[in-house]
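Reviewing the structure listed below.
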Amino acid sequence: MAWLHPMLAFIGSVLALAGVLTVFLVGMVFADLWASSRRTKDIIKAREERMRELEDEEQESDVDDPFLDALEEE
Numbered sequence: 001m002a003w004l005h006p007m008l009a010f011i012g013s014v015l016a017l018a019g020v021l022t023v024f025l026v027g028m029v030f031a032d033l034w035a036s037s038r039r040t041k042d043i044i045k046a047r048e049e050r051m052r053e054l055e056d057e058e059q060e061s062d063v064d065d066p067f068l069d070a071l072e073e074e
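According to the working numbering, the sequence shown is numbered sequentially starting from 1.
Right, here's the structure in full:
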C-alpha cells in the first residue's frame, strides 16, 4: 500500500461526514414536505366535507377559506 499523508485521512473523514449530513438533511426536508402535503390534503378534505354538510342542511353561512386572499373578493 502506498504511503499517504495523514492529512488525507482527515480530509476524507470530513468529506464522509459532510456526505452523511447532506443525505440526512435532504431526507429531513423531504419528510417535512411530505408531511405538510398530507396535512394540507387532510385540511382540504375536511373543508370539503364541512361544505357538503352545510349544503345538505341548506344553510348559507360565510365559511372562511384559508386558501383565498381576502383582497381578491373586494
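No residue lacks a Cβ here, since even glycine has one placed at the ideal position from N, Cα and C.
Helix, strand or coil at residue i [DSSP, three-state]
i: residue 25; result: helix
i: residue 67; result: coil
i: residue 3; result: coil
Closest Cα partner of residue i within the set the options
i: residue 41; options: 67, 14 and 6; result: 67
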